[in-house]
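*Asks:*
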Amino acid sequence: MSPKKNSASRPSNNGGGGKTGGGNGNVSHRTDNEQSGNNLSERIIANESLLATESERHATSKSLYGDCTARISGNLSCIHDRVRLRAYESVLRSIKGKSVLHLGCGMGLVSMIAARSLASAVVAVDRSAIVDAAQVVANKNGLNNISFFRGALVDVVQNFPVRQFDVIICEWMGPFLINDPLLEEALYARNNLLASNGVMCPDSSSIHVVGVSDYCFHMDTVEFWGNVYGFKMEPMKALVQREVEMCRVPTSSIVTTTCLAHTVNIASINNLDDKSSLNDFVVPFSVRATKDTTVNFLTFYIDARFTNPHDPGANFVLGVRPGGTNPWTETSVALHEPLPLKGGEVLSGELKVCLLNPTRGITTVEVTARTSGNVVNIETKGTYNYQRY
Numbered sequence: 001m002s003p004k005k006n007s008a009s010r011p012s013n014n015g016g017g018g019k020t021g022g023g024n025g026n027v028s029h030r031t032d033n034e035q036s037g038n039n040l041s042e043r044i045i046a047n048e049s050l051l052a053t054e055s056e057r058h059a060t061s062k063s064l065y066g067d068c069t070a071r072i073s074g075n076l077s078c079i080h081d082r083v084r085l086r087a088y089e090s091v092l093r094s095i096k097g098k099s100v101l102h103l104g105c106g107m108g109l110v111s112m113i114a115a116r117s118l119a120s121a122v123v124a125v126d127r128s129a130i131v132d133a134a135q136v137v138a139n140k141n142g143l144n145n146i147s148f149f150r151g152a153l154v155d156v157v158q159n160f161p162v163r164q165f166d167v168i169i170c171e172w173m174g175p176f177l178i179n180d181p182l183l184e185e186a187l188y189a190r191n192n193l194l195a196s197n198g199v200m201c202p203d204s205s206s207i208h209v210v211g212v213s214d215y216c217f218h219m220d221t222v223e224f225w226g227n228v229y230g231f232k233m234e235p236m237k238a239l240v241q242r243e244v245e246m247c248r249v250p251t252s253s254i255v256t257t258t259c260l261a262h263t264v265n266i267a268s269i270n271n272l273d274d275k276s277s278l279n280d281f282v283v284p285f286s287v288r289a290t291k292d293t294t295v296n297f298l299t300f301y302i303d304a305r306f307t308n309p310h311d312p313g314a315n316f317v318l319g320v321r322p323g324g325t326n327p328w329t330e331t332s333v334a335l336h337e338p339l340p341l342k343g344g345e346v347l348s349g350e351l352k353v354c355l356l357n358p359t360r361g362i363t364t365v366e367v368t369a370r371t372s373g374n375v376v377n378i379e380t381k382g383t384y385n386y387q388r389y
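If you're matching positions, the sequence shown starts at 1 in UniProt numbering and goes up one per residue.
(1) For HIS208, I'd like the list of residues in its chain whose CB is within less than 6 Å of its CB, leaving aside the five on either flank, ordered along the chain.
(2) Roughly how many angstroms lie between the CA atoms of residue 396 and ALA289, to the nearest whole one?
(3) ILE178 and LEU355: beta carbons closer than 8 Å?
(4) With distances taken between CB atoms, is the gap from GLY174 to ASP166 smaller than 8 Å?
(5) In whole angstroms, give me the CA-to-CA distance for LEU194 and MET200.
(6) Kindly indicate which residue of VAL283, VAL353, ARG370, ALA369 has the alpha-carbon position closest to the one of ILE362.
(7) For the beta strand (DSSP E) containing ASN296, list its first residue and its last residue.
(8) Might you give, ordered along the chain, the residues of its own chain that have their beta carbon closer than 6 Å to the beta carbon of SER99, omitting 5 neighbours on each side?
(9) Are ASP311 and ASN265 close, meaning C-beta to C-beta below 8 Å?
(10) Since GLU245 sits in a beta bridge, which residues does DSSP pair it with?
(11) Give me the Cα-Cα distance between ASN385 and ASN139, rounded to the nearest whole angstrom.
(12) State buried or exposed for ASN26, treating a residue as buried only when at least 16 other CB atoms are found within 10 Å of its CB.
(13) List the endpoints of the continuous beta strand (DSSP E) containing ARG150.
(14) State the DSSP-derived secondary structure class of VAL375, mapped to helix, strand or coil.
(15) Is the beta carbon of LEU272 less than 8 Å from the beta carbon of LEU351?
(16) Taking Cβ to Cβ, would you say LEU335 is nearer than 8 Å to GLY382?
(17) Do ARG86 and LEU318 count as a contact pair if the criterion is CB distance below 8 Å?
(18) Run through DSSP, which three-state label would THR251 get?
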């Protein structure tokens with residue numbers, strides 16, 4: 001759990017430490033108590049920006065954890081992603097006089113680019129408290145054509161200055177395509193707020209599969225439970241093997257080619273319903289070993305695409321580079337049986353994704369993988385659980 005912001009502003013009682021503000025030459029003529037009091041005031045003033053907000057003062061540990069996207073550190077990766085920003089700039093270069101809705105706006109950088117590009121109106125929505133800071137930044141930059149709203153889309157839509165949008169920007173894709181909670185809002189916006197000639201950006205996303213060999217990570221996370229400080233904890237192994245790992249994969253650990261397994265277009269996604277399975281999918285995949293190896297994990301990457309029917313120059317692909325820096329963190333599942341492969345041998349299988357709870361992004365993932373028999377015939381199957389926090 002993140003520490004409270006105002007913890008850094010609590011001074012020590014002994015008045016020690018160096019000065020945080022500039023001196024005026026008269027400090028040496030003050031008593032020790034006066035000097036200590038002055039340093040205390042300077043430290044409090046210097047750290048005023050670190051004090052907790054009103055909402056944070058009354059927040060519980062659960063609410064602070066649940067709004068982790070309000071932390072600046074959680075938004076830095078998007079701000080530093082120049083490829084991503086250039087892609088959206090290409091979409092917004094001809095936005096003059098048009099209306100834009102940005103769902104999941106975060107710090108509002110893309111929204112402010114749209115406003116600077118002379119959009120007639122920009123509406124930015126996010127459930128996180130980060131939009132409060134984004135509104136201050138927009139005002140600081142004199143962007144009067146942008147409005148920020150905090151909350152669920154259905155709760156704030158009545159306050160929008162416009163009700164139809166030419167462009168709706170929303171990164172609705174989840175680690176397994178259909179399992180991001182934001183998808184529900186994107187579909188609502190598609191059905192109710194998109195102008196007749198409007199576009200959703202991005203409009204499609206694909207999931208890719210690659211084989212990974214990482215014996216050390218496998219031992220640390222799976223086989224580790226056989227003996228933990230002398231205790232037999234094998235039951236934990238079964239639990240671990242049902243979890244999905246969210247982490248970067250080193251390039252050196254990738255030992256197969258990449259396979260594009262499935263693509264979805266937001267225009268064809270059905271409205272989400274807890275009892276509906278219309279968006280679930282089962283797809284085959286096939287990858288080829290690049291060397292003699294043993295595959296311990298299968299890793300999944302997603303990309304995002306935008307195809308503009310009115311301006312082909314605005315088309316983009318936020319692509320996948322296995323082992324590189326990607327817009328979205330890759331997800332991995334540990335195979336229940338390691339698969340030995342000869343160089344050039346094919347590893348095939350199926351991926352089944354079932355969305356159990358759209359609002360919370362709870363997903364069941366079933367993975368089947370098998371060798372071609374160049375070393376040995378093995379088929380392994382596992383069921384994994386994913387939930388976004």
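C-beta: ideal position from N, C-alpha, C; glycine also.
*Replies:* Based on what the coordinates show:
(1) Once the five neighbours on either side are set aside, the close Cβ partners of HIS208 are THR258, LEU260, TYR301, VAL320.
(2) Since the first residue of the chain shown is 1 and the last is 389, residue 396 is not available in this structure.
(3) It is a contact, given that the beta carbons lie within the stated cut-off.
(4) Taking 8 Å as the Cβ cut-off, GLY174 and ASP166 do not qualify as a contacting pair.
(5) LEU194 and MET200 have their alpha carbons spaced roughly 8 Å apart.
(6) The candidate whose alpha carbon is nearest that of ILE362 is VAL353.
(7) Counting along the chain, the beta strand (DSSP E) containing ASN296 begins and ends at 293 to 306.
(8) SER120, ALA121, VAL162, PHE165, ASP166, listed in sequence order.
(9) Judged by beta-carbon spacing, ASN265 lies beyond the 8 Å limit of ASP311, meaning their Cβ atoms are not closer than that value.
(10) Looking at the DSSP assignment, GLU245 forms a beta bridge with SER332.
(11) About 43 Å.
(12) Here ASN26 scores only 41 on pLDDT, less than 50, and its place in the model should not be relied on; the value that follows carries that caveat. Classification of ASN26: exposed, given that the 10 Å Cβ count is below 16.
(13) ARG150 -> beta strand (DSSP E) spans 146 to 150.
(14) Of the three classes helix, strand and coil, the one that applies to VAL375 here is coil, per DSSP.
(15) Result no, Cβ atoms of LEU272 and LEU351 do not sit closer than 8 Å.
(16) The beta carbons of LEU335 and GLY382 sit closer together than 8 Å.
(17) For the 8 Å CB-CB criterion, LEU318 and ARG86 do not form a contact.
(18) The DSSP-derived three-state label of THR251 is helix.
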